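K.L.:
In our numbering, the protein residues as written are 117 to 330. This is the structure I want to talk about, given as structure tokens.
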Amino acid sequence: MSSLLLENYQDQQNRLPAIGQHLCAQFTSGDIIVYQAYHPGIADFAVREQSFGGSHYSFSRMTWIKPGFMWMMYRAGWATKPNQERILAIRLKLDGFLAILGAAVHSSFQEAIYQDRENWQAALANSDVRLQWDPDHDPHGQKLDRRAIQIGLRGDWVQRFNKEWILEITDVTNFAKRQFSVLSESGVEKLEVPVENVFPLGEYPLIQQRLGAD
Numbered sequence: 117m118s119s120l121l122l123e124n125y126q127d128q129q130n131r132l133p134a135i136g137q138h139l140c141a142q143f144t145s146g147d148i149i150v151y152q153a154y155h156p157g158i159a160d161f162a163v164r165e166q167s168f169g170g171s172h173y174s175f176s177r178m179t180w181i182k183p184g185f186m187w188m189m190y191r192a193g194w195a196t197k198p199n200q201e202r203i204l205a206i207r208l209k210l211d212g213f214l215a216i217l218g219a220a221v222h223s224s225f226q227e228a229i230y231q232d233r234e235n236w237q238a239a240l241a242n243s244d245v246r247l248q249w250d251p252d253h254d255p256h257g258q259k260l261d262r263r264a265i266q267i268g269l270r271g272d273w274v275q276r277f278n279k280e281w282i283l284e285i286t287d288v289t290n291f292a293k294r295q296f297s298v299l300s301e302s303g304v305e306k307l308e309v310p311v312e313n314v315f316p317l318g319e320y321p322l323i324q325q326r327l328g329a330d
């Protein structure tokens, strides 16, 4: 297990907003945790080398990062879905993460942000960073009213992510599996998850506006 800070899931949900588009994550003044799920070949290399690569990893494909642990658990089925059997916690430099957010373009047209489709399509053509706001989910996979962000990288952004901004890669699969067992045997009341708070995007108004975050 890494240096992730943990808390009770229900305590966390009582603190986080119930609705809206919020970037919720574990972060400090200098770094932030994001999650990815991979098959063992990619995960073993990444943990051993503390960077991505090897024969199983493709730098030409888009790779998606997720700041929310529970969204990752929903997407990976608590580390049970094919090619998502291993959960990695990736500690990134905060300035790198902010650079990623500052280049992000929505995967689908958002009139309030781009005004018209021509502006959106031009923004898409000029950035290799994508963002989506998807419904967050509870531990049982039920949709919440709050939306969680995921961010896709390709091209040079994957190289920068890998070579410049990763501080630590930790395999947290066993933790995820233990907590799934806790959920199954003792219920959500006993579930522990990584501490997450709403990231203060209000300190970065241009990024907040670009993301359409609350």
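Cβ coordinates follow ideal geometry from the N, Cα and C atoms, glycine included. This one's a predicted model, so the numbers in the text were calculated from it and none came from an experiment.
1. Can you give me the Cβ contacts of L208 inside the same chain, cut-off strictly under 7 Å, excluding the 5 residues immediately before and after it?
2. When DSSP builds the beta bridges, which residues end up paired with Q248?
3. Is it buried or exposed for P310, if we count other Cβ within 10 angstroms and need 16 for buried?
4. Please state the DSSP three-state secondary structure of F175.
5. According to DSSP, is W180 part of a helix, a strand, or is it coil?
6. Nearest to D330 by CA position, among F291, I135, F277, D250, is which residue?
7. What would DSSP say about P310, mapped onto helix, strand or coil?
8. Have a look at Q266, I267, D250, I265 and flag the residue whose alpha-carbon is nearest the alpha-carbon of K259.
9. Please work out which residues of its chain come closer than 8 Å, Cβ to Cβ, to L122, disregarding the five sequence neighbours upstream and downstream, and give them in chain order.
10. Return helix, strand or coil for N124, following the three-state DSSP convention.
11. For Q248 versus Q266, is the C-beta distance shorter than 8 Å?
12. From P255, P198, R276, T144, pick the residue whose C-alpha is nearest to that of F315; which is it?
13. If I measure Cβ to Cβ from V163 and keep anything under 8 Å in the same chain, skipping five residues before and after, which residues do I get?
14. Does the separation of the CB atoms of L327 and T179 fall below 8 Å?
15. Helix, strand or coil: which one does DSSP assign to F277?
16. Any idea what DSSP makes of I135, helix, strand or coil?
17. For a quick check, are the C-beta atoms of G184 and A141 less than 8 Å apart?
18. Between the Cα of Q275 and the Cα atoms of W187, S167, K293, which residue gives the shortest distance?
19. Look at the alpha carbon of K306 and the alpha carbon of F291, and state the distance between them as a whole number of angstroms.
P.N.:
In terms of the structure at hand:
1. These residues qualify, in order along the chain: D147, I148, V150, W281, I282, L283.
2. When DSSP reads this structure, Q248 sits in a beta bridge with Q266.
3. The Cβ neighbour count for P310, taken over all protein chains shown within 10 Å, is at least 16; the residue is labelled buried.
4. Reduced to three states, the DSSP call for F175 is coil.
5. Residue state, collapsed to three classes: strand.
6. Looking from the CA of D330, the closest CA among F291, I135, F277, D250 belongs to I135.
7. Residue state, collapsed to three classes: strand.
8. With distances taken between Cα atoms, K259 lies closest to D250.
9. Apart from the 5 residues on each side of it in sequence, L122 sits with its Cβ closer than 8 Å to the Cβ of E308, V309, P310, V311 in its chain, given in chain order.
10. Reduced to three states, the DSSP call for N124 is strand.
11. Going by C-beta atoms, Q248 is nearer than 8 Å to Q266.
12. The residue with the shortest Cα to Cα distance from F315 is T144.
13. Contacts found: L204, I285, T286, D287.
14. Between L327 and T179, the CB-CB gap reaches or exceeds 8 Å.
15. In the structure shown, F277 falls within a helical segment according to DSSP collapsed to helix, strand and coil.
16. It is coil, neither helix nor strand.
17. Going by C-beta atoms, G184 is nearer than 8 Å to A141.
18. Answer by Cα proximity: S167.
19. Using only the alpha carbons, I get a separation of about 14 Å.
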